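Our numbering numbers the first residue of the sequence shown as -1 and each following residue consecutively.
Here a beta-carbon is modelled for each residue, glycine too, at the ideal position from N, C-alpha and C.
Bear in mind that the values here come from a model prediction, so they are computed numbers and not experimental data.
Working notes for the structure below.
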Amino acid sequence: MNNVISNDEIKEKIDYYAKKFSEGNPILENLLKEMWQRDYETIGCCTGHEDDETSRPYIAFVVNNKSKTINLLSSINKNNIRIGFVTDNGKLQCSISALNDQDIFQDIIDSLDKVSNNEDILNYLDKMLELDNNKYNNLILYYRNNKIDKIKFNTNDMVIVQKLIDKDYSYQKLGKISNLDLYQFIIK
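The following block contains the structure:
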């Protein structure tokens, strides 16, 4: 059984689906409406739940417009957030989530129409687009105080590479490097 709702269905009943998927959060409801009206294909969202420490506010969408995605990701406040990219089943997906219980949804709404170009975001997005998107690849950028604090990358080839960034920008790599030159990928 396929539970995926097409963008056309959503556009016919934006108010209904925004209310249904927003978990009672009016700001998330507004964010979903704003994204759908701008042709973002959302694939998941959550307001976070107090009873589950691992559940944080997030929204995920398919990257079907590179420049729009770069503008959004370059414009949002990058204090204690996580930006993730996943290639799987032929699509590049992006998620934005809070690293604490902050409500990130209003900040995303405020950033939807801004024009900006963060070089780090552009570089990582380009590198993800170069990879085979029929294989699972996952890149996560952790931001603290508006700077990248940690980077994780893994694939279904049993690769886990992690770069920890500190005062002297040293790195640490974990796991086995596959045939991809992931060392260069993660270090730039």
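Run through DSSP, which three-state label would ASP147 get? When DSSP states are grouped into helix, strand and coil, ASP147 belongs to the strand group.
Using three-state DSSP, classify ASN136 as helix, strand or coil. DSSP places ASN136 in the strand class (E or B) of the three-state scheme.
Give a yes or no on whether the minimum CB-CB distance between ASN28 and chain B is below 9 angstroms. Included in the structure is just one protein chain, with no chain B present.
Selection from LEU29, CYS92 and LYS148 that minimises the alpha carbon distance to LEU71: Taking each of LEU29, CYS92 and LYS148 in turn and checking the Cα distance to LEU71, the smallest one comes out for CYS92.
Between ASP118 and ILE146, what straight-line distance do the alpha-carbon atoms span, to the nearest angstrom? Each residue's alpha carbon lies about 9 angstroms from the other.
Put LYS174 into one of helix, strand or coil per three-state DSSP. Its pLDDT being 46, under 50, LYS174 is placed unreliably by the model, and nothing is read from it.
C-alpha gap between ILE102 and ILE68, whole angstroms: Answer to the nearest angstrom: the Cα atoms are 17 angstroms apart.
Return the Cβ separation of ARG80 and TYR38 in integer angstroms, given the expectation that the two are a contact with Cβ distance under 8 angstroms. Not a contact, Cβ separation roughly 18 angstroms.
LYS9 versus GLU21, LYS125, SER20 and LEU30, residue with shortest Cα-Cα distance: Out of GLU21, LYS125, SER20 and LEU30, the CA that lies nearest to the CA of LYS9 is found in LEU30.
Can you tell me the Cα-Cα spacing of GLU32 and SER73, whole angstroms? C-alpha separation (whole angstroms): 16 angstroms.
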